[in-house]
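As given, the protein sequences belong to chains Z and D, one line each in that order. Count along the first sequence from 1, then add 3; that gives the number in my numbering. Count along the second sequence from 1, then add 3; that gives the number in my numbering. Beta carbons: idealized from backbone N, C-alpha and C, even for Gly. No experiment lies behind these values; they were computed from the predicted model shown.
2 protein chains.
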Amino acid sequence: MFESAELGHELSKGEFRKVEPRLRADLLDAQYALSQDGRFPVIVLISGVRGAGKGETVNLLNEWMDPRHIFTSAFDKPTDEERERPPMWRFWRALPPKGKIGMLFGSWYTGPIIDRVFKRSRPADLVRSIDEINRFEKMLADDGALILKFWFHLSKKRQKKRLKALADDPETSWKITKRDWDFFKLYDRFYAVSEEALRETSTAWAPWIVVEGSDPEYRAVTVGRTLLEAMHRRLAAPPERRAKKSDAAPLVRPVDNLQIIDTLDLSVSLARDKYRAALRKRQRELALLTRHPKFNRHTVVAVFEGMDAAGKGGAIRRITAALDARLYRVIPIAAPSDEERVQPYLWRFWRHVPRAGRFTMYDRSWYGRVLVERVEGFAQEADWMRAYAEINDFEEQLARHGAVVIKYWLQISKSEQHKRFKLREKTRHKQFKITPEDWRNREKWNAYQVAAADMIERTGTAQAPWVMVESNDKYWARVKVLDSLVEALEARLGGRS
Amino acid sequence: MFESAELGHELSKGEFRKVEPRLRADLLDAQYALSQDGRFPVIVLISGVRGAGKGETVNLLNEWMDPRHIFTSAFDKPTDEERERPPMWRFWRALPPKGKIGMLFGSWYTGPIIDRVFKRSRPADLVRSIDEINRFEKMLADDGALILKFWFHLSKKRQKKRLKALADDPETSWKITKRDWDFFKLYDRFYAVSEEALRETSTAWAPWIVVEGSDPEYRAVTVGRTLLEAMHRRLAAPPERRAKKSDAAPLVRPVDNLQIIDTLDLSVSLARDKYRAALRKRQRELALLTRHPKFNRHTVVAVFEGMDAAGKGGAIRRITAALDARLYRVIPIAAPSDEERVQPYLWRFWRHVPRAGRFTMYDRSWYGRVLVERVEGFAQEADWMRAYAEINDFEEQLARHGAVVIKYWLQISKSEQHKRFKLREKTRHKQFKITPEDWRNREKWNAYQVAAADMIERTGTAQAPWVMVESNDKYWARVKVLDSLVEALEARLGGRS
């Protein structure tokens, strides 16, 4: 992949002076057109070897364009707030909103490549990272992002020369540290590992652009022109008018119409005294588990989904009652804010991912994408179809970082829902809970049940299982929710301490 | 202040069982009314001595009300992202939006009180902290926040008994650590310091409510009722219809009509060759200063204000050209997002305060409050009048934490502005920079000049000075901006290293 970036590409200073003013003006124009258009973000990754002009190029692009609309992020050591979340959290934080350019100096590639170069990870780890990156970038691209990945390359000879030149010049010698020479000693290994990474991640939706980094004029104009053309092409594309139909195999109903939700026995119930005893016992166990010596290396991410009036809020409150208020956050999911709307749809859930030793409970969640957005047609088919895999990736990252991810589907019968709606209308302080929209959703009962069945089938994983909760009886439902949470947490912590 | 909280207040369990269901339902109702109303946040501080039931009360309130609409924050050790900002940054982050309840466990009082108890600060430091807190809370209250400050108290005898009881019970012994007993040894000192702090911060807009903490039923009902009544009263208040006129002394024009802006000699200019030499020299100096060994303990907060087309963007870009793109962020200030609109107006500037070793440049800023919002009538007189002092407080906090705060007013003549508008209309890639709004603002030239003169007079401080920049000549202006930035940074770092 690097051969053509070792040819000694260069651009004369005279030529540069000729093309620069026009390129600069065009980039500025494109930047404003992007801002006006507002349909997509531009994500620019700047990676490559030391001494190949990555920093200079970022600085130059910021100089050429309007730095007020560029979000430049460098990823050095993670902060402690970042370390307490899955590794991708810091990159989600840095994503530019639609209409803006994000310049990422260092990226999700840095960790996997460096770890492999220094043998802190095994070959299989790199393969897995590459796979995750491809899926992440696919998600960004499907969401509309224009992704440009620049790799700045230098041949071994040139890198050595360049590092020496920087070290010898009193103006720049501060830039070169022992770490750079340590890296240089591993040039061949770095070459091999990054070649593998680039090859495997040079996808149709996010191809790598390898730039020879020895000549400042050549690399600047190359990056500038590539960026400009990519923006031009995307801005000129017609806004998508036709509905995005998925061309994957369609979701088909079981021919016997039997789905998992139907197999639930909604008649199960618990007597009041048994409920109270079980509740007390489980809440006590849960409280103790939060004081388990290992708990501060873990988190709990609990998702509550179910038809309106299924008892999500009540179940959540039976959990929070057991917890210290400092340890949890309940996130009710309603319409996204305008800052959330200009980001990929998972962004607004990522921002609430708990830090170590904490719980986040989502009252409705990212599953809205494949429930309400699907049923009501707010998301196009191709978008909600891809959401299943994107969600699985998200939850896998949480689980791998130590989260207990548990998802509840609270199932009630249609007649039970009717009873509860009527009761809400009658009860003074429950009236706020019932709106005309609830009645409208009820008319789509069957469509929601189908969507829920697909969701459970496609996102029920070992690391983030769905717990099906028979909820016609609230006592039964609440105890089952607590039972499974306590068990999942115990399993993760390896016993009750 | 604590005498009446040592009387041995209590409420029988029977009485509690009688009042609790109603109180609970009423609180839930009030919480939803608050959410519907959406005009103000409720900020509840939970402070006081150890063992007085602070945690239990927060948990109980979360249980009584809907935890989805409560933002509970505990302030333990600051994270490193917090440590790199002024101490108040973490509290700004935790402010609840309008319509919600924020429960702050530990608060801006904790640090000043504890530091004084352990003699890590001097008496004068506490006085200054108290003064700052009063101004901060006044700002919140003026912005509409309902502030409830609960102090949980125990007499010395009762605290000892309580700590012993907790330590002896195997269920709760984990809660009591050596630190609690170390604290207890300082009871008298803690009593004296916190009494002073409470006395001096029990203001009309944010009074303290001292609660005896020994009886769980008494303290729960006291806090619950107080919160309920405060919410009721505020929700029942009619929305303010009449314009909020300030009743402070009005701002009066100098009787000779001479203001500082008029004394600027706008004819000053710089020849192109001198400009280029000065620019190169200053940019080099600035770049070197960012590598000064002390710089990573400081930040730069630079504000750019001026009439349209005064050259703010151009001046900013002459600074950023000298900097590594990883070190700065340029924040263009436009209309607030909806997440910003439900917070006090300084919130959206606080969130961009740079971490250590970084620059934030604001292209327009919090001064919009006393410029465009004043002139266009977007803010009421009482609101922009108080903004001068609030802004001074904000900038003082930045400066005290190590920021170089520098503010530029770029002054051009009215005819120069006209010339630049016309030029923008003619130049292809500058057309986006000129809108009908610019022409409309121009009609209010004099009102803006008066507002700017007031602003400069009232917010020009030693720690955050205004630099008046004669900007009819762009070369002159850019060099002056760089000159003063380099000098301010040098002064702060104590020389060029």
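Q. Can you find a C-beta in chain Z that's less than 8 Å from the C-beta of D327 of chain D?
A. Taking the first residue of the second sequence as 1, we reach residue 327 of chain D at position 324. Chain Z contact via Cβ: present.
**Q.** Any C-beta of chain C under 8 Å from that of E493 of chain D
**A.** In the structure shown, chain C does not exist; the protein chains are Z and D.
Q. Can you check whether the CB of A454 of chain D is closer than 8 Å to the CB of L374 of chain D?
A. Within the second sequence, the letter at position 371 stands for residue 374 of chain D. Within the second sequence, the letter at position 451 stands for residue 454 of chain D. Yes, Cβ-Cβ distance for L374 of chain D and A454 of chain D is below 8 Å.
Q. Is the closest heavy atom of the ligand GDP to the C-beta of G316 of chain D under 7 Å?
A. Judged by which ligands are present, the structure shown has none, so any question about the ligand GDP falls away.
Q) Using 8 Å as the Cβ pair cut-off and three pairs as the minimum, do the segment 99-114 of chain Z and the segment 43-51 of chain Z touch? A) yes
Q: Determine the direct distance from the alpha carbon of N444 of chain Z to that of T438 of chain D, and round the result to whole angstroms.
A: Locating residue 438 of chain D in the second sequence gives position 435, where the first residue counts as 1. Locating residue 444 of chain Z in the first sequence gives position 441, where the first residue counts as 1. For T438 of chain D and N444 of chain Z, the distance between alpha carbons rounds to 45 Å.
**Q.** Segment contact flag, the segment 209-216 of chain D with the segment 150-164 of chain D, C-beta cutoff 8 Å, min 3 pairs
**A.** yes
Q) Grouping DSSP H, G and I as helix and E and B as strand, with all else coil, what is V470 of chain Z? A) As a first step, residue 470 of chain Z must be located in the first sequence, where it is residue number 467. Note: V470 of chain Z maps to strand in three-state DSSP.
Q. Starting from T363 of chain Z and walking both ways along the alpha helix (DSSP H), at which residues does that stretch end?
A. Numbered from 1 along the first sequence, position 360 holds the residue referred to as residue 363 of chain Z. Counting along the chain, T363 of chain Z falls outside any alpha helix (DSSP H), though it belongs to the beta strand (DSSP E) covering F362 to D366.
Q) Using DSSP with H/G/I as helix, E/B as strand and the rest coil, what is S15 of chain Z? A) As a first step, residue 15 of chain Z is located in the first sequence; it is residue number 12 there, counting from the start. Three-state DSSP puts S15 of chain Z in coil, outside helix and strand.
Q: Measure the alpha-carbon distance for K297 of chain Z versus T225 of chain D and round it to whole angstroms.
A: Numbered from its first residue, the first sequence carries residue 297 of chain Z at position 294. Numbered from its first residue, the second sequence carries residue 225 of chain D at position 222. Computed Cα separation, rounded: 37 Å.
Q: Output the distance between the C-alpha atoms of L488 of chain D and R321 of chain D, rounded to the nearest integer angstrom.
A: Here residue 488 of chain D is taken as the residue at index 485 of the second sequence, counted from 1. Here residue 321 of chain D is taken as the residue at index 318 of the second sequence, counted from 1. In a straight line, the C-alpha of L488 of chain D is about 12 Å away from that of R321 of chain D.
Q.
Runs of 4 residues minimum, wholly inside the segment 327-360 of chain Z: which ones carry the alpha helix (DSSP H) assignment?
A. 341-344 and 350-353
(Q) 8 Å is my cut-off, CB to CB: does E84 of chain D come that close to chain Z? (A) Along the second sequence, one-based indexing puts residue 84 of chain D at 81. Yes, E84 of chain D counts as interfacial toward chain Z.
Q. Which word fits D79 of chain D, buried or exposed, when buried means at least 16 other C-beta atoms lie within 10 angstroms of its C-beta?
A. As a position in the second sequence, residue 79 of chain D is number 76, starting the count at 1. Answer is exposed; the Cβ neighbour count stays below 16.
Q.
Pull the bridge partners of I212 of chain D from the DSSP assignment, please.
A. The count along the second sequence starts at 1 and reaches residue 212 of chain D at position 209. Paired residue(s): D:F153.
Q) Can you list the residues of chain D that A280 of chain Z reaches, using a CB-CB cut of under 8 Å? A) Looking up residue 280 of chain Z in the first sequence gives position 277. Correct list: empty, because the minimum Cβ distance to chain D is about 18 Å.
Q | Nearest neighbour of A359 of chain D, chosen from D:P89, D:D69, D:R20 and D:I73 [CA to CA] | A | Here residue 359 of chain D refers to the residue found at position 356 when the second sequence is read from its first residue. Closest option to A359 of chain D, Cα to Cα, is D:P89.
(Q) Under 8 Å, Cβ to Cβ, is there at least one residue of chain Z near A77 of chain D? (A) The sequence position of residue 77 of chain D within the second sequence is 74, counting from 1. So yes, A77 of chain D belongs to the interface.
Q: State the DSSP-derived secondary structure class of L37 of chain D, mapped to helix, strand or coil.
A: As a first step, residue 37 of chain D must be located in the second sequence, where it is residue number 34. It is helical.
Q. Are three or more beta carbon pairs between the segment 117-126 of chain D and the segment 375-386 of chain D nearer than 8 Å?
A. no
**Q.** Listed by chain order, chain D residues near M106 of chain Z by CB distance under 8 Å
**A.** Within the first sequence, residue 106 of chain Z is the residue found at index 103, counting from 1. In chain order: A328.
Q.
On the criterion of 16 or more Cβ atoms from any shown chain inside 10 Å, does D265 of chain Z qualify as buried, or is it exposed?
A. The sequence position of residue 265 of chain Z within the first sequence is 262, counting from 1. Counting Cβ neighbours within 10 Å, D265 of chain Z comes out exposed, since fewer than 16 surround it.
Q) Can you name the residues of chain D whose CB is closer than 9 Å to the CB of R320 of chain Z? A) In the first sequence, the residue the question calls residue 320 of chain Z occupies position 317. In chain order: N65, E66, D69 and P70.
Q. If you measure from the beta carbon of S340 of chain D to each beta carbon in chain Z, is any gap under 8 Å?
A. Your numbering for residue 340 of chain D matches position 337 in the second sequence. Answer yes: the Cβ-Cβ gap between S340 of chain D and chain Z drops below 8 Å somewhere.
Q: Anything in chain D within Cβ reach of P347 of chain Z, meaning under 8 Å, just list it in chain order.
A: Taking the first residue of the first sequence as position 1, residue 347 of chain Z is located at position 344. Chain D residues near P347 of chain Z: none, gap ~17 Å exceeds 8 Å.
Q) Among D:Q452, D:L169, D:A195 and D:E198, which has the Cα closest to the Cα of W184 of chain D? A) In the second sequence, counting from the first residue as 1, residue 184 of chain D sits at position 181. Considering only alpha carbons, the answer is D:L169.
Q. According to the neighbour-count rule (16 or more other Cβ atoms, all chains shown, within 10 Å of its Cβ), is D146 of chain D buried or exposed?
A. On the second sequence, residue 146 of chain D is found 143 positions in, with the first residue counted as 1. The residue is buried, with at least 16 neighbouring Cβ atoms inside 10 Å.
Q: For Q56 of chain Z, decide whether its Cβ has a neighbour in chain D, counting only Cβ atoms nearer than 8 Å.
A: For this step, residue 56 of chain Z is matched to residue 53 along the first sequence. What sits at residue 56 of chain Z in the sequence shown is Gly, not Gln. Not one chain D Cβ lies under 8 Å of G56 of chain Z.
Q | Near-chain D residues of the segment 360-390 of chain Z - C-beta to any C-beta below 8 Å | A | D366
Q | Near-chain D residues of the segment 173-200 of chain Z (beta-carbon distance less than 7 Å), N- to C-terminal order | A | W177
Q) In chain order, what residues of the same chain lie with their CB nearer than 6 Å to the CB of S132 of chain D, ignoring the 5 residues before and after it? A) Taking the second sequence and counting its residues from 1, the one referred to as residue 132 of chain D is at position 129. Only P115 meet the Cβ criterion.
Q. Does T323 of chain Z come within less than 8 Å of chain D when only Cβ atoms are used?
A. Taking the first sequence and counting its residues from 1, one reaches residue 323 of chain Z at position 320. At least one chain D Cβ lies under 8 Å of T323 of chain Z.
(Q) Assess contact between the segment 21-32 of chain D and the segment 179-198 of chain D, defined as three or more Cβ pairs (one per stretch) separated by less than 8 Å. Is contact present? (A) no
Q) Do you know offhand how far W107 of chain Z's Cα is from R256 of chain Z's? A) In the first sequence, the residue the question calls residue 107 of chain Z occupies position 104. In the first sequence, the residue the question calls residue 256 of chain Z occupies position 253. The sequence shown places Leu at residue 107 of chain Z, rather than the Trp named in the question. Distance between the alpha carbons of L107 of chain Z and R256 of chain Z: 44 Å.
Q. Do K315 of chain Z and L413 of chain Z have their C-beta atoms closer together than 8 Å?
A. Counted from its first residue, the first sequence places residue 315 of chain Z at position 312. Counted from its first residue, the first sequence places residue 413 of chain Z at position 410. Contact flag set, yes.
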